[in-house]
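Enquirer:
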C-alpha cells in the first residue's frame with residue numbers, strides 16, 4: 001500500500017509469626033541461618049545447615065540472625081534496637097522503616113483486641129514520626145473493626161499469616177547486603193546465569209527455562225522459517241494480517257475490499273467481511289477477541305461482532321481513509337486514526353468520546369498498560385498522549401529522521417519499533433520511558449510503500465518486518481543482528497504478525513495476493529506435498 005509524505009516499646013513476643021514461603025526458622029549455636037538468599041530459599045535446609053557446620057562459616061552475622069528472629073517472633077522493641085546497630089543502605093529512610101514495624105505492632109494489637117495498647121502505639125509511637133499522615137489517618141479508622149474486617153480493610157493477613165515475613169523482607173531490603181543477604185539472592189544469581197545464556201542464544205524461541213547442566217543453545221530448526229500454509233482467498237493485494245489474542249484465529253485485510261477470519265487449526269474461513277467499498281488497510285482484535293475493527297480507504301471503520309458474524313457499527317466521523325486502530329486493554333474503547341489528521345476514541349456503541357487533531361496518521365498503538373496512546377505521522381514524528389489524564393493531553397513529541405509507516409509496542413509497554421520509509425530503510429527501537437532511540441535494524445527495503453513490522457518470539461526476542469524486495473527480515477531485538485531473510489512472496493511484503501500463543505508461528509501478507517503462514521520445518525509444506533495441496537485447493541474451488 002502506497003503512502004504519502006505530507007509506624008514505652010510494647011513487645012508482643014508470642015510466636016505467631018509464620019514464614020510460609022521461605023522455610024522454617026532454626027537456631028543453632030546462637031545463630032540463625034539465612035533463609036532468604038541461600039540454599040534455604042531453594043528448600044535445601046539440611047544441605048545448608050551441613051554446609052555451615054562443615055565450613056564453620058555462618059551465612060550472616062549474629063546481629064542479622066537476631067534481627068530476623070525478632071521480626072518473626074514479634075519482638076518489636078528488640079527490632080528497633082537492632083535497627084540502630086545494623087548498617088543500613090545509603091538511601092534507607094529510617095523513619096519509614098520505623099513506621100512499617102510500628103504499623104505491624106499496631107495492627108497485631110488491634111487483631112488481638114488490645115485496643116488500649118494499640119491506641120498507645122498510635123499516639124506515642126506512630127504519630128511522633130510525622131510520616132505518611134494519610135496512612136496514619138487510615139490506621140486510626142481501623143480501631144473499632146473486628147479482626148476479620150480489620151484484615152479485609154487493611155489488606156493484611158494477620159500475625160499468623162505472612163505479614164511478618166513480608167515486613168521482614170521490606171526491612172531487610174533497606175539493610176546493607178553485606179549484613180543481610182538480599183531476598184532470594186541465590187535464585188537471583190542463578191537466574192542471571194540463565195538470562196545471560198539466553199541473551200547469547202540467537203534463535204532462542206521457547207518459554208521453557210534452560211538447564212544449567214550444559215550451555216544453552218537453541219537449534220535454528222526450531223525457528224519458524226518455513227511456509228506451512230498459503231492462503232489464497234483474496235483477489236488483490238493483502239495489506240494487513242493479525243492473530244487473535246488467543247492465537248486461534250487469523251484476520252486478513254485486502255485491497256479487494258474484504259477482510260477474512262481463518263480458524264488457525266483448520267485454516268478454514270470462519271468469517272468473511274464484505275461491507276467496505278474500499279481496500280481494508282487494517283484489522284484490530286479486541287482484547288477478548290469478541291470484536292474486530294476493520295479500517296478502510298472508503299473513509300470508514302467498521303466494528304464487527306466475531307461471535308454473531310455481523311457488522312455492529314459503521315464509524316464514519318473521519319473524512320479521509322481510516323488507516324489504523326488500537327484497543328484499550330479493558331476492551332471498552334478503541335481509537336481509529338486517519339489521514340484526515342484525526343484520531344477518534346470510540347466506545348462499543350459506536351459513539352465518539354474524544355478526538356485528537358494533528359497530522360496525517362498512519363498508525364497508532366495503545367500501550368498494554370493502558371496509560372498512553374502513541375501515533376506516528378507523515379511529519380516524521382511520534383506523538384505520545386496521556387490516556388490517564390482527563391484531557392488526554394499530548395505529553396511528548398519525538399522527532400524522527402524519515403516518514404514513519406508503522407509502530408508496535410512490547411508487552412511491558414517499555415519499547416516501540418517504528419518503520420521508516422522513503423529510502424531510510426531502517427527500523428528504530430525507541431525507549432518509551434526515556435524517549436530516546438536505542439537500536440537500529442537495517443537490511444530490508446522500504447521506499448514508497450507502507451511496511452508494517454512487529455515483535456515476535458516467546459520473549460519478544462525478535463523484530464520482524466516485511467520488505468519491498470519480497471523478503472521477510474528477522475533481527476535479534478537485543479543486539480540488532482540480522483538473522484533471516486525469508487523467501488516465498490513474489491511481491492512486496494506489507495505486514496507481518498506473530499502468533500501470541502504459539503512462538504513458532506507467524507504470518508505475512510503480500511502484494512502477491514497471498515498470506516503465508518510460517519512455522520518450523522516439521523510443520524511446513526515440502527515439495528510434492530505443497531503441489532498436492534495446491535491441486536486439491538483448485539479442485540475444491542472448481
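Residue numbers (the UniProt record's numbering): 1 to 542.
Note that the Cβ used here is the ideal one computed from N, Cα and C, for glycine as well.
#1: Assign residue 510 to one of three DSSP states: helix, strand, or coil.
#2: Let me know the secondary structure DSSP gives residue 235 once reduced to three states.
#3: Where does residue 140 fall in DSSP's three states?
#4: Below 8 Å, can you find three or more Cβ-Cβ pairs linking the stretch 71 to 81 to the stretch 98 to 105?
#5: Between residue 16 and the rest of its own chain, which residues show a CB-CB distance below 6 Å, the 5 nearest in sequence each way excluded?
#6: So what does DSSP say about residue 24, is it helix, strand or coil?
#7: Given this structure, state the Cα-to-Cα distance separating residue 311 from residue 412, to the nearest angstrom.
#8: Would you call the stretch 427 to 437 in contact with the stretch 165 to 182, where contact means no fewer than 3 C-beta pairs closer than 8 Å?
#9: Check for me: the alpha helix (DSSP H) holding residue 447 runs from which residue to which?
#10: What is the residue span of the beta strand (DSSP E) that residue 398 lies within?
#11: By Cβ distance below 6 Å, which residues in the same chain neighbour residue 28 in space, the five residues on each side in sequence not counted?
#12: In terms of DSSP beta bridges, what is residue 476 paired with?
#13: Between which two residues does the beta strand (DSSP E) carrying residue 404 extend?
#14: What does a CB cutoff of less than 6 Å around residue 396 pick up in its chain, not counting 5 residues either side in sequence?
#15: Counting Cβ pairs closer than 8 Å, one from the stretch 297 to 317 and one from the stretch 276 to 288, do we hit at least three?
#16: Is it buried or exposed for residue 517, if we count other Cβ within 10 angstroms and need 16 for buried?
#17: In terms of residue numbering, what span does the beta strand (DSSP E) encompassing residue 486 cover?
#18: Classify residue 349: buried if its beta carbon has 16 or more other beta carbons within 10 angstroms, exposed otherwise.
#19: Considering only residues of the same chain and omitting the five flanking positions on each side of residue 377, which have a CB-CB separation below 6 Å?
#20: Nearest to residue 201 by CA position, among 483, 521, 519, 507, is which residue?
#21: May I have a chain-ordered list of the alpha helix (DSSP H) segments no shorter than 4 residues that lie completely inside the UniProt domain "CTLH" (60 to 117)?
#22: Threshold first: 3 residues or longer. Then list the beta strand (DSSP E) segments lying entirely within the stretch 154 to 242, N to C.
#23: Applying the 10 Å Cβ sphere with the 16-neighbour rule, what's the burial state of residue 241?
#24: Is residue 133 helix, strand or coil when you go by DSSP?
#25: Check the DSSP bridge columns for residue 354 and list the partner residues they point to.
#26: Would DSSP call residue 264 helix, strand or coil?
#27: From residue 334 to residue 191, what distance separates their C-alpha atoms?
#28: By the DSSP assignment, the beta strand (DSSP E) with residue 57 in it spans what residues?
#29: In this structure, does DSSP put residue 551 in helix, strand or coil?
#30: Based on Cα-Cα distance, which residue from 403, 215, 282, 219 lies nearest to residue 206?
#31: Report the rounded CA-to-CA distance for residue 121 versus residue 131, giving the unit in angstroms.
#32: Can you tell me whether residue 6 is buried or exposed? The criterion is at least 16 other CB atoms within 10 Å of its CB, across all chains shown.
#33: For residue 417, which option in 127, 393, 451, 392 has the closest C-alpha, if you only look at C-alpha atoms?
#34: At the level of alpha carbons, what is the spacing between residue 458 and residue 502?
#35: Keeping to the same chain, check which residues put their C-beta closer than 8 Å to that of residue 85; ignore five residues upstream and five downstream.
#36: Around the C-beta of residue 23, are 16 or more other C-beta atoms found within 10 angstroms, so that it is buried, or is it exposed?
Expert: Walking through what the data contain:
#1: If DSSP states are grouped into helix, strand and coil, residue 510 belongs with the strands.
#2: Residue 235: coil per DSSP, three-state reduction.
#3: In the three-state scheme derived from DSSP, where H, G and I count as helix and E and B as strand, residue 140 is classed as helix.
#4: The stretch 71 to 81 and the stretch 98 to 105 touch, with no fewer than 3 CB-CB distances between them shorter than 8 Å.
#5: Unreliable positioning characterises residue 16 in this predicted model, as indicated by a pLDDT of 33, which lies under 50. A coordinate reading is not provided.
#6: Confidence is the limiting factor: at residue 24 the pLDDT is only 35, short of 50, which leaves the residue's position unreliable, though a coordinate-based value still follows. Under the three-state reduction of DSSP, residue 24 is assigned to coil, being neither helix nor strand.
#7: Looking at the two C-alpha atoms, the distance is approximately 32 Å.
#8: No, they do not touch.
#9: Premise fails: residue 447 is in no alpha helix (DSSP H) and is neither H nor E.
#10: Element bounds for residue 398: 394 to 399.
#11: With a pLDDT of 37 at residue 28, under the threshold of 50, the modelled position of this residue cannot be trusted; read the value that follows with caution. The answer is none, since no qualifying residue turns up.
#12: The partner list for residue 476 (beta bridge, DSSP) reads 462.
#13: Its beta strand (DSSP E) spans residues 404 to 409.
#14: These residues qualify, in order along the chain: 384, 435.
#15: Contact between the stretch 297 to 317 and the stretch 276 to 288 is present, because at least three Cβ pairs lie under 8 Å.
#16: Burial call: buried.
#17: For residue 486, the enclosing beta strand (DSSP E) has its first and last residue at 482 to 486.
#18: In the assembly as shown, residue 349 is an exposed residue. Its beta-carbon has fewer than 16 other beta-carbons within 10 Å.
#19: If the five residues before and after residue 377 are omitted, its C-beta is found closer than 6 Å to the C-beta atoms of 359, 360, 361, all from its own chain and listed in chain order.
#20: Among 483, 521, 519, 507, the Cα nearest to that of residue 201 is on 483.
#21: List check, alpha helix (DSSP H) in window: 62 to 72, 76 to 83, 94 to 111.
#22: For the stretch 154 to 242, whole beta strand (DSSP E) runs of length 3 or above, ordered along the chain, are 226 to 231.
#23: Per the 10 Å Cβ criterion, buried.
#24: Residue 133 falls in the helix class under three-state DSSP.
#25: According to DSSP, residue 354 bridges with 345.
#26: The answer is coil: DSSP assigns residue 264 none of H, G, I, E or B.
#27: Straight through space, the alpha carbons of residue 191 and residue 334 are spaced by roughly 38 Å.
#28: Where residue 57 is concerned, there is no enclosing beta strand (DSSP E), given that its DSSP letter is neither H nor E.
#29: Summary: the structure shown does not reach residue 551, with the chain confined to residues 1 through 542, and so no result is reported for it.
#30: Just measuring C-alpha positions, the residue of 403, 215, 282, 219 sitting nearest residue 206 is 219.
#31: The straight-line gap separating the alpha-carbon atoms of residue 121 and residue 131 is approximately 14 Å.
#32: Residue placement at residue 6 cannot be trusted, given a pLDDT of 49 that sits under 50; what the coordinates show is reported in the next sentence. Counting Cβ neighbours within 10 Å, residue 6 comes out exposed, since fewer than 16 surround it.
#33: Cα-wise, what sits closest to residue 417 is 451.
#34: The straight-line gap from Cα to Cα measures roughly 8 Å.
#35: These residues qualify, in order along the chain: 63.
#36: Because the pLDDT of residue 23 is 33, which lies under 50, any placement of that residue in the model is unreliable, and the question is left without a value.
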